[in-house]
Amino acid sequence: EPEVTQTPSHQVTQMGQEVILRCVPISNHLYFYWYRQILGQKVEFLVSFYNNEISEKSEIFDDQFSVERPDGSNFTLKIRSTKLEDSAMYFCASSSGRTSEQYFGPGTRLTVT
Amino acid sequence: QKEVEQNSGPLSVPEGAIASLNCTYSDRGSQSFFWYRQYSGKSPELIMSIYSNGDKEDGRFTAQLNKASQYVSLLIRDSQPSDSATYLCAVNNGLSGGFKTIFGAGTRLFVKA
Chain A
60 EPEVTQTPSH QVTQMGQEVI LRCVPISNHL YFYWYRQILG QKVEFLVSFY
110 NNEISEKSEI FDDQFSVERP DGSNFTLKIR STKLEDSAMY FCASSSGRTS
160 EQYFGPGTRL TVT
Chain B
4 QKEVEQNSGP LSVPEGAIAS LNCTYSDRGS QSFFWYRQYS GKSPELIMSI
54 YSNGDKEDGR FTAQLNKASQ YVSLLIRDSQ PSDSATYLCA VNNGLSGGFK
104 TIFGAGTRLF VKA
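Protein chains in written order, with our numbering: chain A, 60 to 172; chain B, 4 to 116.
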């Protein structure tokens, strides 16, 4: 069964460093998403992406964040200068249509020290 | 006003009983509605999607949607201890302009053996 994969599973970084979180969506999906979940809190929408451009982004997704689909399979989230409050689980998801079911990857736990 | 609201619980039911989970949403333009299950430390796992008013059944799960009341529910019949998890309601606005999915904070369900 096709699945969304994410790497790394855990990333530890120092405050101010850049991190890139990687995702491989399900192969025939065209819509991609990033979410984050701070420990004990709700899943928060960050950004949606389609046709090589951002469709919508939340207030969390400020200039420190960027997304890219560098090739036909990967979808990345970059945080330019990490802050302590960026520590969270980051989930990638993909779907076949803009209102279709989204399937989540296992997540990347980001710890900023 | 919160965009997607759920009772945080915990909701405790005995094994074999019906668990009823509820969700309300604020955006009348919402087009698609999802229920996810999330075990501690894991990513959200899709259980059900529903797009039109009425009931949709899949095995032990039934989703109900009432767009006029902006209300979505999930019934779990014959609840099992393995159903103990946090259940997330997610609402997608989908159709016009950008698209994003908003999650509720989740309802914790405990099924007692």
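The beta carbon of each residue, even a glycine, is placed where N, CA and C say it ideally should be.
Computed from a predicted structure; not experimentally measured.
- With its beta carbon less than 7 angstroms from one in chain A, lysine 103 (chain B) belongs to the interface.
- Unbroken alpha helix (DSSP H) runs of no fewer than 4 residues, entirely contained in the stretch 48-106 of chain B, are not found.
- The bridge partners DSSP lists for valine 114 (chain B) are B:Val16.
- Shown here, glutamate 60 (chain A) sits in coil according to DSSP, grouped into three states, outside any helix or strand.
- With contacts defined as CB atoms closer than 7 angstroms, leucine 78 (chain B) and serine 11 (chain B) fail to qualify as a contacting pair.
- In the DSSP secondary-structure assignment, threonine 72 (chain A) is bridged to A:Val171.
- Straight through space, the alpha carbons of leucine 169 (chain A) and alanine 93 (chain B) are spaced by roughly 24 angstroms.
- Of the candidates A:Thr141, A:Ser125, A:Glu144, A:Leu143, the residue whose Cα lies closest to the Cα of threonine 135 (chain A) is A:Ser125.
- Look at glutamate 118 (chain A) here: in three-state DSSP terms it is coil, with no helix or strand label.
- Nearest in C-alpha terms to serine 117 (chain A), of all of B:Gly109, B:Gly44, B:Gln9, B:Phe102, is B:Phe102.
- Residues of chain A with a Cβ closer than 8 angstroms to the Cβ of leucine 24 (chain B) do not exist, since the nearest Cβ in that chain sits about 15 angstroms away.
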